[in-house]
Ligand SMILES: *Cc1c(COP(=O)(O)O)cnc(C)c1O
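In the working numbering, the protein residues as written are 714 to 1132.
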């Protein structure tokens, strides 16, 4: 193959000389240019929900592309955005009544932070501090890296990142320490917002915590009038077993970020939804109070049409039943791993299953990750472990046979790569 000029994300080109060329995809499968079929065990980086190339979403994209492809969204609107916004307000927790569009998970979080800071400024209260959860991941822009965990991923940019307070991850049995730390942080300085991924911390290592902890964290925020920002970029759209993770804790966030699965995984789109008061604080004849945020493709009509088609699939197809079936099969197969000394921390929330392989040298940069990735690739599976953390996060059309193939491979990896 000719040398490609492309610089790939999260890819060390010195170690990965050649990319896997994918020619097409259907349902839970990727088809490579060299004629192989891969089971997409990570939903192509957590975005594909119903399956690749779903005909209903593909049709909606084609029709919208021929009708209205793109239009400036400042001072203009269009039917797919209006329809989508209304449906989102019906579907999301009661109280999230305003919808702001952007185009990625990172931008949806940037918007959330700016909304929170704008809110306090415009109502005349001096609150600037942001509190975040340890091991959190919220994106790769400077603002989202600032609120995310500091690690090898952002060490070169450290001097530019702003300070936040961090509370420890609520490990089982140590939840009170998290709640106490959040309470203490809110007493120390006037907190503008607390940001967290509800129930599952994705890039931080598929770390899971119980709904009651989320509920208690929200209570602490309420007590101190700190806004709660739910980063549901990964957890929404059925991933955790309910449409939104916050539902399981009966929590209505003040601001919520949704992206990844919002178009079923077909096109980039994101929304930041908030309570009416936050919009109200910006509503004024004073132009300085305008919410100054946009990107060129804000609320792109084709992406909005894809998202509307995604929501129609949630109505027409038994999506929650598929999700429950995946969860039940995870439990059946995970059972054996709980007693397997080669693995630890066997866990599941909704459609996400995760476990750690015991290796001599763990951590994200250890060899275990690339070795496992290559091992699974040879067996026709796309799994991309986070260091020695192996996780399964499949499209909802995945079959029981596909899941069995994945679990068989994980068991075999225990001998091939583990200690
Ligand atoms: C992926 C992710 C993001 C960033 O989304 P992008 O679309 O990649 O910018 C933010 N927050 C969470 C929780 C994520 O998993």
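Ideal Cβ placement from N, Cα and C applies to all residues, glycine included.
Assignment of residue 920 by DSSP, reduced to helix, strand and coil, places it in the strand class. Listed in chain order, the alpha helix (DSSP H) runs fully inside the segment 782 to 825 are 792 to 804, counting runs of at least 4 residues. Here DSSP, grouped into helix, strand and coil, assigns residue 1002 to helix. From the listed residues 822, 741, 742 and 716, the smallest Cα separation to residue 969 is found for 822.
Going by beta carbons, residue 756 and residue 1107 fall inside the 8 Å limit.
With distances taken between CA atoms, residue 1067 lies nearest to 922 out of 922, 862 and 1114. A distance criterion of 7 Å places the beta-carbon of residue 759 in contact range of ligand 1, judged by its closest non-hydrogen atom.
Between the alpha carbons of residue 997 and residue 720 lies a gap of roughly 45 Å. The segment 806 to 821 makes no contact with the segment 1031 to 1043; the number of CB pairs closer than 8 Å stays below 3. Bounds of any beta strand (DSSP E) do not take in residue 1034; it lies within the alpha helix (DSSP H) bounded by 1032 to 1051. Between the segment 902 to 916 and the segment 824 to 831 there are three or more inter-stretch CB-CB distances shorter than 8 Å, so the stretches are counted as touching. The beta carbons of residue 739 and residue 765 sit closer together than 8 Å. Take the alpha-carbon of residue 1032 and the one of residue 954: they are about 10 Å apart. Straight through space, the alpha carbons of residue 956 and residue 783 are spaced by roughly 29 Å. Inclusion of residue 914 and residue 941 in the CB contact set at 8 Å is not warranted, their separation being larger than that value. Partner residues in the beta bridge of residue 737, as assigned by DSSP, are 744. By the C-beta density criterion, residue 919 is buried, having at least 16 other C-beta atoms within 10 angstroms. Sorting 746, 860 and 816 by C-alpha distance to the C-alpha of residue 985 places 816 at the top. Nearest to residue 1100 by C-alpha distance, out of 858, 1085 and 743, is 1085. Nearest to residue 797 by alpha-carbon distance, out of 937, 1121, 1015 and 899, is 1015. Residue 831 sits close to residue 1004, with the two beta carbons spaced by under 8 Å.
Residue state for residue 874 is assigned as coil, using DSSP reduced to three classes. Taking C-beta atoms as the reference points, residue 971 and residue 945 count as a pair closer than 8 Å.
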